[in-house]
Amino acid sequence: MSEVVRNLEPKIVWNHFADLNAVPRPSKKEERVIQFMVDFGKSLNLETLVDKVGNVIISKPATKGLEDRKTVVLQSHLDMVHQKNNDTIFDFDSEGIKMIIDGDWVTANGTTLGADNGLGVAAIMAILSSKDIQHPNIEALFTIDEETGMTGAMGLEGGILKGDILLNLDTEEDDEIGMGCAGGIDITATRSYTEVETPEKSTAFSITVKGLNGGHSGMDIIKGLGNANKIMNRLLFDGFTNFGLRISEINGGSLRNAIPRESFATVTVDAISKEAFLLETNLLINNIKQEFLTLEPNLTIEIEAINSVNKVVDLGVQEGLLKSIYAAHNGVYRMSPDITDLVETSNNIARVIVKEGKIKIGCLTRSSSESNKLDLANSLKSAFELSGFEVELSGEYPGWQPNVNSEILDTVANLYEKLHGEKAHVAACHAGLECGILGQNYPKMDMVSFGPTIKGAHSPDERASISSTQKFWKFLIEILENIPKK
(Lines of atoms letter the chains of each structure in order from A and count residues from 1; the text may use other names and numbers.)
(Lines give C-alpha, C1' and ligand atoms only; values in the text may rest on other atoms or scores of the structure.)
Protein backbone atom coordinates (compact mmCIF):
# COMPACT_ATOMS: atom_id res chain seq x y z
CA MET A 1 0.00 0.00 0.00
CA SER A 2 2.67 2.52 1.06
CA GLU A 3 4.96 1.66 -1.86
CA VAL A 4 2.83 3.77 -4.22
CA VAL A 5 4.27 6.99 -2.79
CA ARG A 6 7.80 6.04 -3.82
CA ASN A 7 7.09 6.94 -7.44
CA LEU A 8 5.90 10.44 -6.60
CA GLU A 9 8.08 13.44 -7.42
CA PRO A 10 10.43 14.41 -5.95
CA LYS A 11 11.28 10.72 -5.56
CA ILE A 12 14.25 11.39 -3.30
CA VAL A 13 11.96 13.02 -0.72
CA TRP A 14 9.05 10.58 -0.92
CA ASN A 15 11.37 7.57 -0.73
CA HIS A 16 12.96 8.88 2.44
CA PHE A 17 9.48 9.63 3.80
CA ALA A 18 8.38 6.05 3.07
CA ASP A 19 11.47 4.71 4.81
CA LEU A 20 10.82 6.93 7.82
CA ASN A 21 7.14 6.01 8.02
CA ALA A 22 8.06 2.33 8.22
CA VAL A 23 9.61 3.06 11.64
CA PRO A 24 7.24 3.42 14.64
CA ARG A 25 8.03 6.80 16.21
CA PRO A 26 5.58 7.86 18.94
CA SER A 27 6.60 10.72 21.19
CA LYS A 28 8.69 9.55 24.16
CA LYS A 29 9.29 6.20 22.43
CA GLU A 30 11.75 7.36 19.77
CA GLU A 31 14.50 4.77 20.38
CA ARG A 32 13.90 3.04 17.05
CA VAL A 33 13.77 6.20 14.95
CA ILE A 34 16.86 7.60 16.70
CA GLN A 35 18.76 4.45 15.72
CA PHE A 36 17.28 4.71 12.22
CA MET A 37 18.70 8.23 11.84
CA VAL A 38 22.08 7.25 13.29
CA ASP A 39 22.34 4.36 10.86
CA PHE A 40 21.34 6.69 8.03
CA GLY A 41 24.02 9.26 8.86
CA LYS A 42 26.73 6.65 9.25
CA SER A 43 25.74 4.98 5.98
CA LEU A 44 26.63 8.26 4.26
CA ASN A 45 29.95 8.49 6.15
CA LEU A 46 28.80 11.76 7.68
CA GLU A 47 29.65 12.93 11.19
CA THR A 48 26.72 11.73 13.32
CA LEU A 49 26.11 12.18 17.01
CA VAL A 50 23.32 11.74 19.55
CA ASP A 51 23.18 14.25 22.40
CA LYS A 52 22.32 13.36 25.99
CA VAL A 53 18.53 13.67 25.48
CA GLY A 54 18.33 11.82 22.16
CA ASN A 55 18.53 14.52 19.50
CA VAL A 56 20.43 13.39 16.40
CA ILE A 57 22.84 15.78 14.65
CA ILE A 58 24.33 14.93 11.25
CA SER A 59 26.87 17.28 9.66
CA LYS A 60 27.67 17.60 5.96
CA PRO A 61 30.39 19.83 4.46
CA ALA A 62 29.56 22.52 1.92
CA THR A 63 29.60 21.67 -1.77
CA LYS A 64 32.30 23.22 -3.91
CA GLY A 65 31.87 26.97 -4.31
CA LEU A 66 29.66 27.52 -1.25
CA GLU A 67 32.30 27.14 1.45
CA ASP A 68 32.15 30.88 2.15
CA ARG A 69 28.44 30.85 3.05
CA LYS A 70 27.02 30.83 6.54
CA THR A 71 26.44 27.42 8.13
CA VAL A 72 22.81 26.31 8.05
CA VAL A 73 21.01 24.21 10.62
CA LEU A 74 18.20 22.23 8.95
CA GLN A 75 15.77 21.23 11.71
CA SER A 76 12.74 18.96 12.02
CA HIS A 77 11.38 16.68 14.74
CA LEU A 78 11.38 12.89 14.61
CA ASP A 79 8.26 12.06 16.61
CA MET A 80 4.69 12.06 15.32
CA VAL A 81 1.21 12.28 16.83
CA HIS A 82 -0.54 8.92 17.06
CA GLN A 83 -4.27 9.15 16.38
CA LYS A 84 -6.58 6.67 14.68
CA ASN A 85 -10.24 6.31 13.92
CA ASN A 86 -12.15 4.33 16.51
CA ASP A 87 -12.88 1.51 14.05
CA THR A 88 -9.32 1.31 12.70
CA ILE A 89 -7.26 -1.64 13.93
CA PHE A 90 -3.66 -0.45 14.10
CA ASP A 91 -0.74 -0.79 16.51
CA PHE A 92 1.40 2.33 16.42
CA ASP A 93 4.11 0.65 18.50
CA SER A 94 4.76 -2.11 15.97
CA GLU A 95 3.36 -1.10 12.56
CA GLY A 96 4.53 1.33 9.91
CA ILE A 97 2.09 3.92 8.58
CA LYS A 98 -0.03 2.63 5.68
CA MET A 99 -0.07 5.41 3.08
CA ILE A 100 -2.45 5.89 0.17
CA ILE A 101 -2.81 8.45 -2.63
CA ASP A 102 -6.04 10.38 -3.06
CA GLY A 103 -5.77 12.82 -5.96
CA ASP A 104 -3.19 15.45 -5.03
CA TRP A 105 -2.97 14.17 -1.48
CA VAL A 106 -1.04 11.52 0.37
CA THR A 107 -2.95 10.31 3.39
CA ALA A 108 -3.02 7.28 5.69
CA ASN A 109 -5.48 4.44 6.08
CA GLY A 110 -7.42 5.52 9.18
CA THR A 111 -4.46 6.95 11.11
CA THR A 112 -2.35 10.06 11.27
CA LEU A 113 0.09 10.27 8.37
CA GLY A 114 3.20 11.58 10.11
CA ALA A 115 3.80 14.28 7.51
CA ASP A 116 4.02 16.51 10.59
CA ASN A 117 7.02 16.61 10.72
CA GLY A 118 8.08 13.59 8.68
CA LEU A 119 8.15 15.45 5.37
CA GLY A 120 10.57 17.93 6.90
CA VAL A 121 12.76 15.07 8.14
CA ALA A 122 12.59 13.41 4.71
CA ALA A 123 13.58 16.63 2.93
CA ILE A 124 16.63 17.00 5.19
CA MET A 125 17.55 13.37 4.57
CA ALA A 126 17.29 14.07 0.83
CA ILE A 127 19.74 16.97 1.14
CA LEU A 128 22.14 14.86 3.18
CA SER A 129 22.04 11.94 0.74
CA SER A 130 22.17 14.03 -2.44
CA LYS A 131 25.25 14.17 -4.65
CA ASP A 132 24.32 17.06 -6.92
CA ILE A 133 22.44 19.64 -4.80
CA GLN A 134 24.44 22.77 -4.00
CA HIS A 135 24.47 23.78 -0.32
CA PRO A 136 26.63 25.44 2.36
CA ASN A 137 27.90 23.66 5.46
CA ILE A 138 24.92 21.88 7.00
CA GLU A 139 24.09 20.71 10.47
CA ALA A 140 20.97 18.54 10.34
CA LEU A 141 19.19 18.65 13.70
CA PHE A 142 16.55 15.99 14.31
CA THR A 143 14.87 16.67 17.63
CA ILE A 144 12.76 14.29 19.72
CA ASP A 145 9.48 14.63 21.62
CA GLU A 146 8.28 17.84 19.98
CA GLU A 147 4.64 16.81 20.14
CA THR A 148 4.37 16.09 23.88
CA GLY A 149 6.69 18.51 25.62
CA MET A 150 9.49 19.67 23.29
CA THR A 151 11.96 18.04 25.64
CA GLY A 152 14.40 17.48 22.78
CA ALA A 153 14.66 21.17 21.99
CA MET A 154 14.73 22.01 25.69
CA GLY A 155 17.54 19.55 26.31
CA LEU A 156 19.77 20.68 23.44
CA GLU A 157 22.75 22.34 25.08
CA GLY A 158 24.34 25.52 23.84
CA GLY A 159 27.61 25.14 21.97
CA ILE A 160 26.81 21.87 20.19
CA LEU A 161 25.61 23.62 17.06
CA LYS A 162 27.87 26.00 15.14
CA GLY A 163 25.32 27.21 12.62
CA ASP A 164 24.43 30.85 11.98
CA ILE A 165 21.02 30.22 10.39
CA LEU A 166 18.26 27.78 11.31
CA LEU A 167 15.66 26.63 8.78
CA ASN A 168 12.79 24.95 10.64
CA LEU A 169 10.78 22.79 8.20
CA ASP A 170 7.62 22.47 10.32
CA THR A 171 5.20 25.05 8.85
CA GLU A 172 2.08 23.59 7.22
CA GLU A 173 1.11 26.09 4.49
CA ASP A 174 3.45 26.34 1.52
CA ASP A 175 2.87 30.07 1.02
CA GLU A 176 3.73 30.90 4.61
CA ILE A 177 7.07 31.86 6.12
CA GLY A 178 7.06 31.61 9.89
CA MET A 179 8.78 34.28 11.94
CA GLY A 180 7.27 33.59 15.38
CA CYS A 181 5.10 31.15 17.31
CA ALA A 182 3.17 30.60 20.51
CA GLY A 183 4.51 29.19 23.74
CA GLY A 184 2.57 26.70 25.81
CA ILE A 185 1.91 25.19 29.22
CA ASP A 186 0.20 21.99 30.38
CA ILE A 187 -2.54 22.18 33.00
CA THR A 188 -3.33 18.90 34.74
CA ALA A 189 -6.19 18.69 37.28
CA THR A 190 -6.52 15.55 39.40
CA ARG A 191 -8.50 14.35 42.35
CA SER A 192 -9.68 11.16 43.96
CA TYR A 193 -13.27 10.26 44.67
CA THR A 194 -15.18 7.62 46.57
CA GLU A 195 -16.92 5.05 44.45
CA VAL A 196 -20.40 4.53 45.83
CA GLU A 197 -23.05 1.93 45.12
CA THR A 198 -25.32 2.64 42.18
CA PRO A 199 -28.70 3.88 43.44
CA GLU A 200 -31.36 1.21 43.45
CA LYS A 201 -33.84 0.98 40.58
CA SER A 202 -31.47 2.71 38.15
CA THR A 203 -31.09 2.28 34.42
CA ALA A 204 -27.61 2.43 32.92
CA PHE A 205 -26.70 4.10 29.63
CA SER A 206 -23.65 4.53 27.46
CA ILE A 207 -23.22 7.92 25.80
CA THR A 208 -20.88 8.30 22.81
CA VAL A 209 -19.71 11.47 21.12
CA LYS A 210 -17.77 10.81 17.91
CA GLY A 211 -17.28 11.89 14.30
CA LEU A 212 -15.76 15.28 15.10
CA ASN A 213 -13.00 16.69 12.92
CA GLY A 214 -10.45 17.09 15.69
CA GLY A 215 -7.18 18.56 14.49
CA HIS A 216 -4.23 20.60 15.71
CA SER A 217 -5.06 22.30 19.00
CA GLY A 218 -3.07 25.36 17.94
CA MET A 219 -3.50 25.86 14.21
CA ASP A 220 -7.13 24.65 14.12
CA ILE A 221 -8.39 26.22 17.35
CA ILE A 222 -9.56 29.34 15.49
CA LYS A 223 -12.05 27.26 13.47
CA GLY A 224 -14.42 26.80 16.40
CA LEU A 225 -14.57 23.04 15.91
CA GLY A 226 -16.39 20.80 18.35
CA ASN A 227 -14.56 19.58 21.45
CA ALA A 228 -15.83 16.11 22.44
CA ASN A 229 -15.08 16.71 26.12
CA LYS A 230 -17.09 19.92 26.26
CA ILE A 231 -19.99 18.39 24.33
CA MET A 232 -20.05 15.35 26.62
CA ASN A 233 -19.95 17.54 29.70
CA ARG A 234 -22.90 19.51 28.39
CA LEU A 235 -24.92 16.31 28.04
CA LEU A 236 -23.93 15.03 31.47
CA PHE A 237 -24.58 18.36 33.17
CA ASP A 238 -28.07 18.54 31.69
CA GLY A 239 -28.85 14.97 32.75
CA PHE A 240 -27.55 15.59 36.25
CA THR A 241 -29.41 18.88 36.70
CA ASN A 242 -32.76 17.62 35.44
CA PHE A 243 -32.77 13.90 36.24
CA GLY A 244 -30.12 13.22 38.86
CA LEU A 245 -27.81 11.44 36.38
CA ARG A 246 -24.87 9.67 38.02
CA ILE A 247 -21.51 9.10 36.34
CA SER A 248 -19.77 5.73 36.40
CA GLU A 249 -16.93 6.36 33.90
CA ILE A 250 -15.74 8.93 31.34
CA ASN A 251 -13.02 8.46 28.73
CA GLY A 252 -12.68 11.51 26.49
CA GLY A 253 -10.00 12.76 24.12
CA SER A 254 -6.41 11.60 23.85
CA LEU A 255 -3.40 13.87 23.31
CA ARG A 256 -3.09 17.41 24.66
CA ASN A 257 -2.19 18.86 21.27
CA ALA A 258 -5.15 17.27 19.46
CA ILE A 259 -8.67 18.69 19.63
CA PRO A 260 -10.66 15.76 21.10
CA ARG A 261 -12.76 13.93 18.53
CA GLU A 262 -14.41 11.33 20.74
CA SER A 263 -15.72 10.87 24.27
CA PHE A 264 -17.38 7.90 25.95
CA ALA A 265 -19.34 7.86 29.21
CA THR A 266 -21.24 5.32 31.29
CA VAL A 267 -24.02 6.76 33.44
CA THR A 268 -27.15 5.82 35.35
CA VAL A 269 -30.55 7.46 35.77
CA ASP A 270 -33.41 6.59 38.12
CA ALA A 271 -35.60 4.11 36.24
CA ILE A 272 -38.73 6.18 36.77
CA SER A 273 -37.07 9.05 34.84
CA LYS A 274 -35.81 6.91 31.96
CA GLU A 275 -38.27 8.03 29.28
CA ALA A 276 -38.16 11.70 30.25
CA PHE A 277 -34.36 11.58 30.36
CA LEU A 278 -34.15 10.06 26.88
CA LEU A 279 -36.61 12.58 25.48
CA GLU A 280 -34.76 15.55 27.00
CA THR A 281 -31.32 14.24 26.04
CA ASN A 282 -32.29 13.54 22.45
CA LEU A 283 -33.69 17.06 22.14
CA LEU A 284 -30.39 18.41 23.43
CA ILE A 285 -28.47 16.15 21.05
CA ASN A 286 -30.46 17.51 18.12
CA ASN A 287 -29.77 21.07 19.25
CA ILE A 288 -26.05 20.43 19.56
CA LYS A 289 -25.88 18.76 16.15
CA GLN A 290 -27.76 21.70 14.65
CA GLU A 291 -25.33 24.16 16.24
CA PHE A 292 -22.38 22.31 14.70
CA LEU A 293 -24.05 21.36 11.42
CA THR A 294 -21.79 23.55 9.27
CA LEU A 295 -18.52 22.87 11.07
CA GLU A 296 -19.09 19.27 12.15
CA PRO A 297 -21.44 17.57 9.67
CA ASN A 298 -20.29 14.10 10.76
CA LEU A 299 -20.89 14.62 14.48
CA THR A 300 -22.62 11.58 15.96
CA ILE A 301 -24.02 11.40 19.50
CA GLU A 302 -25.46 8.08 20.60
CA ILE A 303 -27.18 7.05 23.82
CA GLU A 304 -28.27 3.52 24.50
CA ALA A 305 -29.30 1.38 27.45
CA ILE A 306 -26.74 -1.10 28.78
CA ASN A 307 -26.42 -3.57 31.62
CA SER A 308 -26.35 -2.06 35.08
CA VAL A 309 -23.11 -0.68 36.57
CA ASN A 310 -21.97 -1.35 40.12
CA LYS A 311 -20.31 1.91 41.13
CA VAL A 312 -20.76 5.63 40.47
CA VAL A 313 -18.93 8.82 41.43
CA ASP A 314 -19.61 10.36 44.83
CA LEU A 315 -22.36 12.95 44.35
CA GLY A 316 -20.46 15.99 45.67
CA VAL A 317 -17.38 15.24 43.58
CA GLN A 318 -19.50 14.67 40.48
CA GLU A 319 -21.17 18.05 40.84
CA GLY A 320 -17.78 19.77 41.17
CA LEU A 321 -16.42 17.88 38.17
CA LEU A 322 -19.25 18.88 35.86
CA LYS A 323 -19.27 22.50 36.99
CA SER A 324 -15.50 22.91 36.74
CA ILE A 325 -15.38 21.56 33.17
CA TYR A 326 -18.30 23.83 32.29
CA ALA A 327 -16.46 26.82 33.78
CA ALA A 328 -13.07 25.98 32.25
CA HIS A 329 -12.38 27.96 29.09
CA ASN A 330 -11.94 26.03 25.85
CA GLY A 331 -11.03 27.55 22.48
CA VAL A 332 -9.80 31.02 21.57
CA TYR A 333 -9.23 33.21 24.64
CA ARG A 334 -7.76 36.29 22.94
CA MET A 335 -6.87 37.32 19.40
CA SER A 336 -3.61 39.10 18.73
CA PRO A 337 -3.99 42.88 18.90
CA ASP A 338 -1.00 43.31 16.59
CA ILE A 339 -1.30 40.65 13.87
CA THR A 340 -4.54 40.29 11.92
CA ASP A 341 -6.35 36.94 12.28
CA LEU A 342 -3.72 35.47 14.60
CA VAL A 343 -4.89 33.73 17.76
CA GLU A 344 -2.84 35.04 20.65
CA THR A 345 -4.08 32.82 23.51
CA SER A 346 -6.17 29.63 23.61
CA ASN A 347 -6.87 26.49 25.59
CA ASN A 348 -7.70 22.92 24.62
CA ILE A 349 -9.50 20.72 27.17
CA ALA A 350 -7.85 17.66 25.71
CA ARG A 351 -8.37 14.76 28.08
CA VAL A 352 -10.99 13.77 30.66
CA ILE A 353 -10.70 10.45 32.48
CA VAL A 354 -13.00 9.33 35.29
CA LYS A 355 -12.43 5.75 36.41
CA GLU A 356 -11.90 3.63 39.53
CA GLY A 357 -11.76 6.48 42.02
CA LYS A 358 -9.48 8.77 40.00
CA ILE A 359 -10.20 11.86 37.88
CA LYS A 360 -7.66 13.39 35.52
CA ILE A 361 -8.24 16.38 33.26
CA GLY A 362 -5.51 17.52 30.85
CA CYS A 363 -5.36 20.88 29.06
CA LEU A 364 -2.85 22.62 26.80
CA THR A 365 -2.79 26.40 26.95
CA ARG A 366 -0.98 28.30 24.19
CA SER A 367 -0.06 31.96 23.83
CA SER A 368 2.40 34.26 22.11
CA SER A 369 2.07 36.49 25.19
CA GLU A 370 3.76 35.10 28.30
CA SER A 371 1.58 37.22 30.60
CA ASN A 372 -1.68 36.12 28.94
CA LYS A 373 -0.53 32.50 28.93
CA LEU A 374 -0.16 32.72 32.70
CA ASP A 375 -3.46 34.61 33.02
CA LEU A 376 -5.42 31.85 31.27
CA ALA A 377 -3.51 29.13 33.12
CA ASN A 378 -4.45 30.74 36.43
CA SER A 379 -8.07 31.04 35.30
CA LEU A 380 -8.18 27.31 34.56
CA LYS A 381 -6.33 26.48 37.76
CA SER A 382 -8.88 28.45 39.75
CA ALA A 383 -11.86 26.79 38.05
CA PHE A 384 -10.58 23.34 38.99
CA GLU A 385 -9.29 24.20 42.45
CA LEU A 386 -12.69 25.61 43.42
CA SER A 387 -14.03 22.08 42.90
CA GLY A 388 -11.36 20.43 45.03
CA PHE A 389 -8.89 19.43 42.33
CA GLU A 390 -5.14 19.52 42.70
CA VAL A 391 -3.72 21.40 39.73
CA GLU A 392 -0.21 21.12 38.30
CA LEU A 393 1.27 23.52 35.75
CA SER A 394 4.08 21.84 33.81
CA GLY A 395 5.85 21.48 30.48
CA GLU A 396 6.06 25.23 29.95
CA TYR A 397 7.91 26.41 26.87
CA PRO A 398 8.43 29.91 25.48
CA GLY A 399 7.15 31.45 22.30
CA TRP A 400 9.36 32.63 19.45
CA GLN A 401 9.50 36.39 19.30
CA PRO A 402 9.49 37.75 15.71
CA ASN A 403 12.68 39.43 14.46
CA VAL A 404 11.67 41.97 11.82
CA ASN A 405 15.38 42.64 11.06
CA SER A 406 16.16 39.01 10.20
CA GLU A 407 18.59 38.63 7.28
CA ILE A 408 17.44 35.10 6.46
CA LEU A 409 13.80 36.19 6.59
CA ASP A 410 14.52 38.83 3.94
CA THR A 411 16.44 36.29 1.83
CA VAL A 412 13.72 33.65 1.99
CA ALA A 413 10.87 36.11 1.40
CA ASN A 414 12.61 37.61 -1.63
CA LEU A 415 13.33 34.19 -3.10
CA TYR A 416 9.70 33.17 -2.71
CA GLU A 417 8.52 36.25 -4.57
CA LYS A 418 11.12 35.69 -7.30
CA LEU A 419 10.04 32.05 -7.75
CA HIS A 420 6.27 32.55 -7.62
CA GLY A 421 5.62 36.13 -8.67
CA GLU A 422 3.80 36.95 -5.45
CA LYS A 423 4.69 37.68 -1.86
CA ALA A 424 4.70 34.93 0.75
CA HIS A 425 2.54 35.24 3.83
CA VAL A 426 5.07 36.18 6.50
CA ALA A 427 3.53 35.61 9.89
CA ALA A 428 3.69 34.18 13.36
CA CYS A 429 1.60 31.06 14.04
CA HIS A 430 -0.48 29.80 16.95
CA ALA A 431 1.47 26.59 17.34
CA GLY A 432 4.47 25.45 19.31
CA LEU A 433 7.48 25.48 17.01
CA GLU A 434 10.83 24.61 18.53
CA CYS A 435 12.47 27.85 17.39
CA GLY A 436 11.57 29.72 20.57
CA ILE A 437 13.17 27.08 22.76
CA LEU A 438 16.24 26.66 20.57
CA GLY A 439 16.70 30.41 20.59
CA GLN A 440 17.21 30.39 24.36
CA ASN A 441 20.56 28.58 24.06
CA TYR A 442 21.35 29.99 20.61
CA PRO A 443 20.17 33.62 20.88
CA LYS A 444 22.23 34.82 17.89
CA MET A 445 20.92 32.18 15.49
CA ASP A 446 18.78 33.67 12.70
CA MET A 447 15.63 31.58 12.16
CA VAL A 448 12.68 31.09 9.80
CA SER A 449 10.16 28.30 9.35
CA PHE A 450 8.46 26.98 6.20
CA GLY A 451 7.18 23.70 4.77
CA PRO A 452 4.72 21.96 2.45
CA THR A 453 0.96 22.17 2.82
CA ILE A 454 -0.35 19.65 5.34
CA LYS A 455 -4.02 19.51 6.35
CA GLY A 456 -5.64 17.87 9.37
CA ALA A 457 -2.42 17.42 11.35
CA HIS A 458 -2.85 15.50 14.62
CA SER A 459 -5.95 13.73 13.28
CA PRO A 460 -6.63 10.66 11.11
CA ASP A 461 -7.61 13.12 8.37
CA GLU A 462 -3.99 14.30 8.09
CA ARG A 463 -2.92 14.63 4.47
CA ALA A 464 0.00 16.13 2.58
CA SER A 465 -0.26 17.83 -0.80
CA ILE A 466 1.86 16.21 -3.52
CA SER A 467 2.11 19.36 -5.67
CA SER A 468 2.91 21.44 -2.61
CA THR A 469 5.72 19.08 -1.61
CA GLN A 470 7.23 19.63 -5.06
CA LYS A 471 6.94 23.39 -4.56
CA PHE A 472 8.49 23.17 -1.08
CA TRP A 473 11.40 21.05 -2.34
CA LYS A 474 12.31 23.49 -5.12
CA PHE A 475 12.06 26.36 -2.64
CA LEU A 476 14.38 24.62 -0.16
CA ILE A 477 16.98 23.94 -2.84
CA GLU A 478 16.83 27.57 -4.00
CA ILE A 479 17.30 28.82 -0.44
CA LEU A 480 20.35 26.61 0.16
CA GLU A 481 21.96 27.87 -3.03
CA ASN A 482 21.45 31.49 -1.94
CA ILE A 483 22.46 31.47 1.73
CA PRO A 484 24.24 34.76 2.60
CA LYS A 485 28.00 34.86 2.89
CA LYS A 486 29.74 34.78 6.26
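In my numbering, the protein residues as written are 147 to 632.
Where a beta carbon is used, it is the ideal one built from N, C-alpha and C, also for glycine.
Between the CA atoms of residue j and residue i - distance to the nearest angstrom
i           : j           : result
residue 245 : residue 258 : 10 Å
residue 308 : residue 524 : 39 Å
residue 279 : residue 382 : 59 Å
residue 312 : residue 321 : 19 Å
residue 250 : residue 387 : 49 Å
residue 453 : residue 486 : 53 Å
residue 620 : residue 500 : 50 Å
residue 568 : residue 562 : 8 Å
residue 491 : residue 467 : 24 Å
residue 592 : residue 442 : 41 Å
residue 459 : residue 385 : 15 Å
residue 615 : residue 351 : 47 Å
residue 166 : residue 533 : 46 Å
residue 298 : residue 413 : 41 Å
residue 197 : residue 399 : 33 Å
residue 449 : residue 359 : 20 Å
residue 267 : residue 343 : 53 Å
residue 331 : residue 516 : 10 Å
residue 461 : residue 394 : 11 Å
residue 389 : residue 504 : 24 Å
residue 509 : residue 402 : 6 Å
residue 379 : residue 471 : 7 Å
Residue i classed as buried or exposed, judged by whether at least 16 other C-beta atoms fall within 10 angstroms
i           : result
residue 168 : exposed
residue 464 : buried
residue 206 : buried
residue 221 : buried
residue 589 : exposed
residue 339 : buried
residue 446 : exposed
residue 494 : buried
residue 201 : buried
residue 305 : exposed
residue 362 : buried
residue 576 : buried
residue 632 : exposed
residue 522 : buried
Limits of the unbroken alpha helix (DSSP H) element including residue i
i           : result
residue 525 : 516 to 531
residue 619 : 612 to 627
residue 384 : 374 to 389
residue 265 : 261 to 275
residue 420 : 420 to 437
residue 472 : 461 to 473
residue 558 : 553 to 566
residue 306 : Segment: none, residue 306 is in no alpha helix (DSSP H) and carries neither H nor E.
residue 178 : 177 to 189
residue 162 : 157 to 167
residue 297 : 297 to 301
residue 585 : 581 to 587
Sequence-distant residues of its chain with Cβ nearer than 7 Å to residue i (five each side left out)
i           : result
residue 179 : 169, 171, 224
residue 613 : 250
residue 232 : 356, 408
residue 546 : 326, 327, 579, 581, 582, 585
residue 212 : 280, 281, 282
residue 541 : 295, 331, 332
residue 623 : 279
residue 347 : 416, 417
residue 519 : 329, 331, 491, 511, 513
Neighbourhood of residue i by C-beta, 6 Å cutoff - its chain only, sequence neighbours within 5 removed
i           : result
residue 228 : 172, 238
residue 108 : With the chain represented from 147 up to 632, any question about residue 108 goes unanswered, as that position is not in the structure.
residue 473 : 529
residue 193 : 205
residue 156 : 619
residue 410 : 354, 397
residue 392 : 414, 458
residue 431 : 447
residue 543 : 296, 329, 330, 583
residue 208 : 282, 283
Residue range of the beta strand (DSSP E) that includes residue i
i           : result
residue 218 : 218 to 223
residue 409 : 409 to 416
residue 356 : 348 to 356
residue 326 : 322 to 327
residue 495 : 489 to 501
residue 397 : 392 to 399
residue 208 : Taken as a continuous stretch (DSSP letters only), residue 208 belongs to no beta strand (DSSP E), as it is neither H nor E.
Contacting residues, own chain, Cβ-Cβ under 8 Å from residue i (five flanking each side not counted)
i           : result
residue 571 : 319, 321, 322, 323
residue 230 : 236, 238, 256, 257, 258, 606
residue 557 : 625, 628, 629, 630
residue 248 : 609
Notebook entry, point to check: With a cut-off of 8 Å, do at least 3 Cβ pairs link the segment 364 to 373 to the segment 430 to 443?
Noted result: yes
Check: Is it a yes or a no for the segment 592 to 612 touching the segment 258 to 274, going by three-plus beta-carbon pairs under 8 Å?
Finding: yes
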